[in-house]
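Residue 1 is where the sequence shown starts when you use full-length UniProt numbering, and the numbers rise one by one after that.
Even glycine gets a Cβ: it sits at the ideal position worked out from N, Cα and C.
Since this is a predicted model, take the numbers as computed values, not measurements.
Note sheet for the following structure.
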Amino acid sequence: MAGYFGLFGILIQHGGIMLWQAPLSNLLLVPLSIVLSVFAVHYSGKILAPWLPRDESSALREEEFIGGMAIITGHAAVAGTPCEGKFTDKFGQIHYLLLEPETGKEFKKGDKVLIVCRLSATRYLAERTFYV
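Right, here's the structure in full:
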């Protein structure tokens, strides 16, 4: 706003000198510059608003964990008895989840797993990976 205030003050003062060959009174110049700068800030804000960032959150929905990699941090797990796994999201936030293998498979501490689907509100099905 200070930039617009100064710009309008200089332009109005320049216009007054060109028209009347004398500078305008500050009692006239200051209120006029303030009013014009308020409108200028309002309309330039409307023009720039689409390109300015909005409020963004780093919160994830639980469904967004699916497809992510996790590391088993708890005891061994078999189907029906999940264990704790550590998942780091794209924002660097750490989430601890209950991960369970498919029937006939087992997880040990330190295994890297891929989160496949959500089994319940607190448990996820995961699959051990050998490539990462």
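With a threshold of 7 angstroms (Cβ to nearest heavy atom), would Leu28 be considered close to the ligand SAH?
Ligands displayed in this structure: none; no statement on the ligand SAH is therefore possible.
Decide if Ala70 is buried, meaning its Cβ has at least 16 other Cβ atoms within 10 Å, or exposed.
In the sequence shown, the residue the question calls residue 70 occupies position 70. That one is buried.
Looking at C-alpha atoms only, which residue of Ala49, Leu29 and Gly80 is the closest neighbour of Leu98?
Counting from one through the sequence shown, the residue named residue 98 turns up at place 98. Comparing Cα-Cα distances from Leu98 to each of Ala49, Leu29 and Gly80, the minimum goes to Gly80.
Specify the secondary structure class of Lys112 as computed by DSSP and reduced to three states.
Position 112 of the sequence shown, counted from the first residue, corresponds to residue 112. Strand at Lys112.
Which value, in whole angstroms, describes the spacing of the CA atoms of Arg83 and Arg54?
Start at 1 with the first residue of the sequence shown, and residue 83 comes out as number 83. Start at 1 with the first residue of the sequence shown, and residue 54 comes out as number 54. Contrary to the premise, residue 83 reads as Cys rather than Arg in this sequence. Those two C-alpha atoms are separated by around 39 angstroms.
Which residue wins for smallest C-alpha separation from Glu106, given the options Met18, Ile72 and Tyr96?
For the purposes of this step, residue 106 is taken as the residue at position 106 of the sequence shown. With distances taken between Cα atoms, Glu106 lies closest to Ile72.
Could you spell out where the beta strand (DSSP E) holding Ala59 opens and where it closes?
Taking the sequence shown and counting its residues from 1, the one referred to as residue 59 is at position 59. Premise fails: Ala59 is in no beta strand (DSSP E) and is neither H nor E.
Does Val38 pass the burial test, meaning 16 or more other C-beta atoms within 10 Å, or should it be called exposed?
On the sequence shown, residue 38 is found 38 positions in, with the first residue counted as 1. When all chains shown are included, Val38 counts as exposed.
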